[in-house]
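What follows is a set of notes on a single structure, which appears directly below.
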Amino acid sequence: MSTQPAIEIVSLWKLYRMERLGRLPPAVRPRAHRHFVQTSDDLAVKEGRALWALRDVNLTIARGESVGVIGRNGAGKSTLLKILSRVTAPTRGRVRLYGSIASLLEVGTGFHDELTGRENIALNATILGMSARELARRYDAIVEFSGIGDFMDVPVKHLSSGMRVRLGFAVAVHVEPEILIVDEVLAVGDAEFQARCRNRVAEIIGAGERTVLVVSHSMADVERLCGRVVWLDQGTVMADGAPEETIQRYLSNFRDSQPGEQSVGARHGSGSGDVVADGRERWRLADRTDRSGNGALRLTSLALLDETGHAVHSVGAGEPLIIDIGYAATATGRRKASINVAVSDERGNRVFWMPSRLVIGDHLKIEETGTFRCQLREVPLLPGSYNIDVWCNVEGAVADKLIGAAVLRVVHSNYYPSGKFPSSARTSVLVRYTWSDGSRSNQARSPETEAASD
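If you read the sequence shown in our numbering, its first letter stands for residue 162, the second for the next number, and so on.
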């Protein structure tokens, strides 16, 4: 990633006034307008006639950096992106953009309702700086990505909101802007389109050539895609740093919210790894190009092991598992660092996250080459396939991050005495429990309870 800036934001303020000048008589409106403009901004806020959407925001974003922006509704996220996209102007401060920019702010932004999909592709591509020759070369790829090729000659006013998003996203990611801004688009549309968007954004970020800003209420998406996160609250930057730390601060701010992610046991090993398996039992990560981070440490391999240390390609629900992660580092010794493993389902939803800092602290002994090991006493997952994301922070910055580093396949087992599993529509994880109607003979017990009573 380059150290040259792609975006510079200096002392940025944005005021929204609540006076309704448009409803005043025409003869009164000019004088009223002058009066309101001359009124102090802070006085207007104090009197309830205006509000600050952004307050003294200062950010520098480097070329090739991927940054997530999080916060509650009304925190100023969309206002910030609209200023960067030149949709609205700041009240105070300065924004400098170095490079072409494409923005996906709202459903159908930039579309002309009376034009067809084909005509809107040409219009948007031209606005975003694509030549006619380049558009002709990429048109088929844009249509294929959108998945709505049968509707290219239909006016977009007749398209659903999901189809409009597909079209807008397809154009934006194929014109290859130097700066790409995405506001909640990853949460719109069906599951297949969301997965396609995530994968495409991950490819863009992995290439490291374009700057990407993502606004989302999905913490899983932000953490999976971004190497840095900015938390806004009431227009003010509350935190700016590594994704998991910033997200945890954001979530901890709400006392009445759901509890944060739970972790299971993890331990650190400094050996070079004794188990070397061929095929799909060990994922070789050293040559992956779709990674992000500053390179202070590089993840080189990942293996799934059973409790005896033998490599496996699947695990039974409720059975133990060891995740063995190889690495190579440029800076050694005891460093402020953490290794993170997150597991997501096939739809990209985060199921659980296991940060090493919660169980062994935030300082690790780092060798030139070595392994980290995360040990689960039992895999609390329903049968199915799951994606494993792995990343490492060194001295507060993301050193290496790989989305989809490996695939975990969970198979059926006798986790419950009945041999059955709950529906995946009702739960994401397995828990051990007992039921009783007061009679010992009618007590329903989990496998662990059964074993203890034998």
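Each residue gets a CB set at the ideal place from its N, CA and C atoms; glycine is no exception.
These figures come from a predicted structure and were not determined experimentally.
Nonlocal neighbours in the same chain, by C-beta distance under 7 angstroms from residue i, ignoring five residues either side
i, result
"M313", "T277, G278, R279, V304"
"T450", "G367"
"G434", "With a pLDDT of 32 at G434, under the threshold of 50, the modelled position of that residue is not reliable, and the figure given next carries that caveat. Result list for G434: D485, G487, T532, in chain order."
Close beta carbons around residue i, own chain, < 8 angstroms, minus the five adjacent residues each side
i, result
"L320", "G278, I309, F312, L328"
"K318", "D274, E275"
For residue j and residue i, the rounded distance between their alpha carbons
i, j, result
"R518", "F533", "13 angstroms"
"G522", "R495", "12 angstroms"
"E275", "I231", "35 angstroms"
"E507", "P544", "12 angstroms"
"E468", "P404", "31 angstroms"
"L482", "F582", "20 angstroms"
"I170", "L245", "9 angstroms"
"V228", "E529", "29 angstroms"
"V398", "M380", "17 angstroms"
"D566", "W444", "One detail in the question is off: residue 566 reads as Ala in this sequence, not Asp. Taking the straight line joining both Cα atoms gives about 7 angstroms."
"A630", "A560", "It is not possible to answer for residue 630, since the shown part of the chain is limited to 162 through 615."
"Y577", "L537", "19 angstroms"
"T402", "D598", "First, the amino acid is wrong: residue 402 is Gly here, not Thr. Spanning the two alpha carbons is a distance of roughly 51 angstroms."
"G580", "P541", "15 angstroms"
Same chain only: Cβ atoms within 6 angstroms of residue i, ignoring 5 sequence neighbours per side
i, result
"F306", "A331"
"S475", "R570, V572"
"G290", "S261"
"S172", "D217, G254"
"R257", "E169"
"K243", "T249"
"R178", "A211"
Residue i at chain B interface by Cβ criterion, 9 angstroms
i, result
"H524", "Reference to chain B is not applicable here, since this structure consists of a single protein chain."
Local conformation of residue i per DSSP, three classes
i, result
"Y300", "helix"
"N281", "helix"
"P544", "coil"
"Q165", "coil"
"F513", "strand"
"I309", "coil"
"Q395", "coil"
"R459", "strand"
"P404", "helix"
"K318", "helix"
"N575", "coil"
"V362", "helix"
"L412", "helix"
"A368", "helix"
"A612", "Any reading at A612 needs caution, since the residue's pLDDT is 45, under 50, leaving its predicted position unreliable; the model's value is listed next. In this structure, A612 counts as helix in the three-state DSSP scheme."
Where the beta strand (DSSP E) through residue i begins and ends
i, result
"I342", "340–344"
"R258", "Checking the sequence shown, residue 258 turns out to be Leu, not Arg. It spans 253–258 - the beta strand (DSSP E) in which L258 sits, taken as one unbroken run."
"V230", "227–231"
"F533", "530–537"
"T221", "211–223"
"G487", "482–490"
"K581", "From DSSP, K581 is part of no beta strand (DSSP E); its letter is neither H nor E."
"G494", "494–505"
Span of the alpha helix (DSSP H), counted from its first residue to its last, around residue i
i, result
"H335", "322–335"
"L386", "380–386"
"I244", "238–245"
"L519", "518–521"
TODO: Mind the definition here: the stretch 358–374 touches the stretch 332–341 only if three or more C-beta pairs lie below 8 angstroms; say whether that holds.
DONE: yes
- [ ] For the stretch 402–409 and the stretch 252–260, state whether three or more C-beta atom pairs, one from each stretch, are separated by less than 8 angstroms.
- [x] no
Open item on the list: Closer than 8 angstroms is the cut-off here; do at least three beta carbon pairs connect the stretch 355–366 with the stretch 477–489?
Closed with: no
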